[in-house]
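S.K.:
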Amino acid sequence: MPYPHPPHSPPPARAMCTPPPRNVLAAFLAVLLLAGGVLTGCGGSASGVTQGNEKNIHLVYVNWVEGVALAHVMDALLTDSLGMEVERTEVTGAGLAFSSVAGDDADVFTEVWLPTTHRSGWQKYKSELTKVGQWYDSTSVGLVVPAGSKLQSVKDLSKHRDELGGEIHGIESGAAVNQQARQVLKNNDISGFDLIASSGPAAWSALQSASQADDPIVVTGWKPHWKWGRYDLRYLEGAQTGQSPVFGKPEQVVMVADTSFANRYSERVVQFFDNVNVGDEALESLMEPFRPNSDVTDQMGAAREWIRNHRQLVAGWVPPPDSVQEDGGAAQGSAQTAAR
287 MPYPHPPHSP PPARAMCTPP PRNVLAAFLA VLLLAGGVLT GCGGSASGVT QGNEKNIHLV
347 YVNWVEGVAL AHVMDALLTD SLGMEVERTE VTGAGLAFSS VAGDDADVFT EVWLPTTHRS
407 GWQKYKSELT KVGQWYDSTS VGLVVPAGSK LQSVKDLSKH RDELGGEIHG IESGAAVNQQ
467 ARQVLKNNDI SGFDLIASSG PAAWSALQSA SQADDPIVVT GWKPHWKWGR YDLRYLEGAQ
527 TGQSPVFGKP EQVVMVADTS FANRYSERVV QFFDNVNVGD EALESLMEPF RPNSDVTDQM
587 GAAREWIRNH RQLVAGWVPP PDSVQEDGGA AQGSAQTAAR
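Heads up: the sequence shown begins at 287 in our numbering, then just goes up one per residue.
#1: Thinking residue 353 and residue 396 are a contact (beta carbons under 8 angstroms), I'd like their distance in whole angstroms, please.
#2: Using the Cα positions of residue 334 and residue 470, report the straight-line distance between them to the nearest angstrom.
#3: Thinking residue 659 and residue 431 are a contact (beta carbons under 8 angstroms), I'd like their distance in whole angstroms, please.
#4: Could you please give the first and the last residue of the uninterrupted alpha helix (DSSP H) stretch that includes residue 363?
#5: Let's test the definition: count the other Cβ atoms within 10 Å of the Cβ of residue 531 and tell me whether it reaches 16, buried, or not, exposed.
#6: What is the DSSP secondary structure of residue 607, counted as helix, strand or coil?
#7: Would the beta-carbon of residue 398 fall within 8 angstroms of that of residue 377?
#8: Going by Cα to Cα distance, which pick from 392, 493 and 466 is closest to residue 342?
#9: Within a Cβ cutoff of 8 angstroms, which residues of the same chain sit near residue 452, ignoring the five residues on either side of it in sequence?
#10: Are the stretch 499-512 and the stretch 432-442 touching, with three or more C-beta to C-beta distances below 8 angstroms?
#11: Along the beta strand (DSSP E) that carries residue 395, what are the first and last residues, could you check?
#12: Candidates 577, 585, 591 and 446: which alpha carbon is nearest residue 494's?
#13: Tell me whether the beta-carbon of residue 600 lies closer than 8 angstroms to the beta-carbon of residue 558.
#14: Can you tell me which of 524, 505 and 367 puts its alpha carbon nearest to the alpha carbon of residue 517?
#15: By Cβ distance, which residues of its chain are closer than 8 angstroms to residue 586, with the 5 residues on each side in sequence left out?
#16: Along the chain, where does the alpha helix (DSSP H) that runs through residue 593 open and close?
#17: Buried or exposed for residue 340, going by 16 or more other Cβ atoms inside 10 Å?
#18: Ignoring anything shorter than 4 residues or poking outside the stretch 520-567, list the alpha helix (DSSP H) runs there in chain order.
#19: Which residues in the same chain have their Cβ closer than 7 angstroms to the Cβ of residue 374, if we skip the five residues on either side of it in sequence?
#20: If you check the beta carbons only, do residue 540 and residue 417 fall under 8 angstroms apart?
#21: If you draw a straight line from the alpha carbon of residue 411 to that of residue 457, how long is it in whole angstroms?
#22: Quick one, are the C-beta atoms of residue 482 and residue 455 less than 8 angstroms apart?
#23: Can you give me the start and stop residues for the alpha helix (DSSP H) that residue 473 sits inside?
#24: Between which two residues does the alpha helix (DSSP H) containing residue 406 stretch?
#25: At the level of alpha carbons, what is the spacing between residue 381 and residue 510?
#26: Keeping to the same chain, check which residues put their C-beta closer than 6 angstroms to that of residue 562; ignore five residues upstream and five downstream.
#27: DSSP puts residue 443 in a beta bridge; with which residues?
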């Protein structure tokens with residue numbers, strides 16, 4: 287997958303309130319804390335939290351359709367309603383996304399599944415990161431088959447090994463769901479299967495081909511995902527969230543940033559990330575133009591069209607400008623800016 291880094295101009299200077307570089311800010315804060323001081327003054331508050339005015343923000347996300355789709359919507363809203371300069375980078379694995387944010391190459395990883403799927407990445411970098419928003423609740427993960435499949439339970443896999451070619455289709459190499467699939471096979475004493483680690487799009491292409499030919503197939507899968515709206519699918523019993531300790535309990539999808547996030551960005555931007563929340567119906571409609579083989583070529587246009595069709599939802603995400611916070615229609619107006 288491409289990993290572009292287009293240049294951006296620095297944030298516009300503001301008299302006496304230009305934000306220092308991130309490493310300088312961190313050192314400055316450390317000195318103040320050691321001295322027992324309270325940070326006030328330029329952009330400060332009585333609580334000691336300094337609001338910054340950085341205008342550039344870099345979003346990183348894995349090439350999962352729901353994450354790609356949401357990142358485009360956030361790009362549109364941050365650009366059109368909050369005046370930000372947005373860079374987006376799509377990567378092929380969560381490990382790279384975590385390390386990009388922890389290493390200051392990106393600002394926000396927009397799709398982190400916790401506490402189970404991305405536990406290893408979060409545990410590795412959590413001292414350098416902070417959660418800045420939760421946009422989806424009650425996820426599920428497991429082994430997925432077409433609804434008409436002969437397989438009902440994970441224990442049926444051994445009986446149908448030859449029909450399946452000894453293959454289970456996973457996603458990108460190193461993905462947590464691949465590791466979980468291998469573990470659930472081990473826990474059920476199922477051998478003779480290879481987990482094919484390629485990519486999400488490759489797995490969904492195999493699913494589509496098998497569904498059209500009425501061939502048996504098992505793929506790793508999760509909700510939310512566009513495939514549930516396109517195909518008649520179900521999880522294998524004993525190999526899904528809530529039925530196997532391997533897949534854990536329903537998860538939350540959160541966004542993580544480096545620990546200086548709240549100091550570098552305005553209160554409106556910080557609040558925006560905290561406000562974003564999408565339910566199943568809205569998310570399914572958002573994912574449709576972003577799915578593989580979609581005939582949509584202008585994805586930013588599709589994101590703005592979705593915003594136009596979900597004005598009421600999006601109005602709750604974009605905080606009104608400070609000068610019009612008491613105006614009940616301000617949030618609606620801000621959200622509608624992105625829909626023009």
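Beta carbons are placed, not taken as given, at the ideal position from N, Cα and C, and that holds for glycine.
Bear in mind the structure is a predicted one, so any value in this text is a computation, not a measurement.
M.R.: With the structure as the only source:
#1: The residue you call residue 353 lines up with position 67 of the sequence shown. The residue you call residue 396 lines up with position 110 of the sequence shown. Between residue 396 and residue 353 the Cβ distance is about 6 angstroms, and since that is below 8 angstroms, they are a contact.
#2: To locate residue 334, count along the sequence shown from 1; it is residue 48. To locate residue 470, count along the sequence shown from 1; it is residue 184. With a pLDDT of 45 at residue 334, under the threshold of 50, the modelled position of this residue cannot be trusted; read the value that follows with caution. Near 48 angstroms, if we compare the C-alpha coordinates of residue 470 and residue 334.
#3: A question about residue 659 goes unanswered here, because the residues of the chain that appear run from 287 up to 626.
#4: Residue mapping note: residue 363 aligns to position 77 of the sequence shown, counting from 1. Unbroken alpha helix (DSSP H) run through residue 363: 351-366.
#5: Numbered from its first residue, the sequence shown carries residue 531 at position 245. Exposed: under 16 other Cβ atoms inside 10 Å.
#6: Counting from one through the sequence shown, the residue named residue 607 turns up at place 321. Coil at residue 607, not helix or strand.
#7: One-based indexing of the sequence shown puts residue 398 at position 112. One-based indexing of the sequence shown puts residue 377 at position 91. No; because the gap between Cβ atoms is not below 8 angstroms, this pair is not in contact.
#8: Counting from one through the sequence shown, the residue named residue 342 turns up at place 56. Closest option to residue 342, Cα to Cα, is 392.
#9: Here the question's residue 452 lines up with position 166 in the sequence shown. So the qualifying residues of the chain are 478, 479 and 480.
#10: yes
#11: If you number the sequence shown from 1, residue 395 lands on position 109. Note, residue 395: beta strand (DSSP E), 394-400.
#12: One-based indexing of the sequence shown puts residue 494 at position 208. Answer by Cα proximity: 577.
#13: For the purposes of this step, residue 600 is identified with residue 314 of the sequence shown, where counting begins at 1. For the purposes of this step, residue 558 is identified with residue 272 of the sequence shown, where counting begins at 1. In this structure, residue 558 does not lie closer than 8 angstroms to residue 600 by Cβ.
#14: What you label residue 517 is simply residue 231 of the sequence shown in a count that begins at 1. Out of 524, 505 and 367, 505 has the C-alpha closest to the C-alpha of residue 517.
#15: Sequence index remark: in the sequence shown, residue 586 carries index 300 (1-based). Correct list, in chain order: 358, 361 and 362.
#16: As a first step, residue 593 is located in the sequence shown; it is residue number 307 there, counting from the start. Taken as a continuous stretch (DSSP letters only), the alpha helix (DSSP H) holding residue 593 covers 585-595.
#17: Working through the sequence shown from its first residue, we reach residue 340 at position 54. So residue 340 ends up on the buried side.
#18: 547-550 and 553-561
#19: Position 88 of the sequence shown, counted from the first residue, corresponds to residue 374. Contacts found: 345, 357 and 361.
#20: Position 254 of the sequence shown, counted from the first residue, corresponds to residue 540. Position 131 of the sequence shown, counted from the first residue, corresponds to residue 417. Going by C-beta atoms, residue 540 is nearer than 8 angstroms to residue 417.
#21: Start at 1 with the first residue of the sequence shown, and residue 411 comes out as number 125. Start at 1 with the first residue of the sequence shown, and residue 457 comes out as number 171. Whole-angstrom Cα-Cα distance: 23 angstroms.
#22: Within the sequence shown, numbered from 1, the residue matching residue 482 stands at position 196. Within the sequence shown, numbered from 1, the residue matching residue 455 stands at position 169. Against a cut-off of 8 angstroms, the Cβ pair of residue 455 and residue 482 comes out as a contact.
#23: Counting from one through the sequence shown, the residue named residue 473 turns up at place 187. Run containing residue 473: 462-473, per the alpha helix (DSSP H) assignment.
#24: Sequence index remark: in the sequence shown, residue 406 carries index 120 (1-based). Its alpha helix (DSSP H) spans residues 405-411.
#25: Start at 1 with the first residue of the sequence shown, and residue 381 comes out as number 95. Start at 1 with the first residue of the sequence shown, and residue 510 comes out as number 224. Near 20 angstroms, if we compare the C-alpha coordinates of residue 510 and residue 381.
#26: Walking along the sequence shown from the start, residue 562 turns up at place 276. Once the five neighbours on either side are set aside, the close Cβ partners of residue 562 are 419, 421 and 603.
#27: Here residue 443 corresponds to residue number 157 of the sequence shown, with the count starting at 1. Beta-bridge pairing links residue 443 to no other residue.
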